[in-house]
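Chemist:
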Amino acid sequence: MAAAPAPSVSVVIAAYNEADRIADAVAAARALPGVGAVVVV
């Protein structure tokens, strides 16, 4: 029997007034295991 695929999660990042930090926040979120999508709003 094949193992079930690992679950993935979506990360939502609020970006209001975060221009100086958003790139680092997105990079950190993408580096986390199990993250399937990063959504910036």
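The opening position of the sequence shown corresponds to residue 1 in full-length UniProt numbering, with each subsequent residue numbered one higher. Don't be surprised by glycine CBs; every beta carbon is placed ideally from N, CA and C.
#1: Suppose you measure from the CA of residue 9 to the CA of residue 29; what does that come to, to the nearest Å?
#2: Considering only DSSP beta bridges, list what residue 10 is partnered with.
#3: Can you tell which of 3, 2 and 7 has the C-alpha that lies nearest to the C-alpha of residue 37?
#4: In angstroms with no decimal places, state the Cα-to-Cα distance between residue 25 and residue 1.
#5: Cutting at 6 Å between CB atoms, please list the residues of its own chain near residue 11, excluding the five before and the five after it.
Modeler: Inspection of the coordinates gives the following:
#1: Residue 9 sits at position 9 when you count from the first residue of the sequence shown. Residue 29 sits at position 29 when you count from the first residue of the sequence shown. Cα-Cα distance, rounded: 11 Å.
#2: Within the sequence shown, residue 10 is the residue found at index 10, counting from 1. DSSP, once it has assigned bridges, lists 37 as partnering residue 10.
#3: Mapped onto the sequence shown, residue 37 falls at position 37. Among 3, 2 and 7, the Cα nearest to that of residue 37 is on 7.
#4: Counted from its first residue, the sequence shown places residue 25 at position 25. Counted from its first residue, the sequence shown places residue 1 at position 1. Roughly 38 Å separates the two Cα atoms.
#5: By 1-based counting over the sequence shown, the position of residue 11 is 11. Contacts found: 29, 35 and 38.
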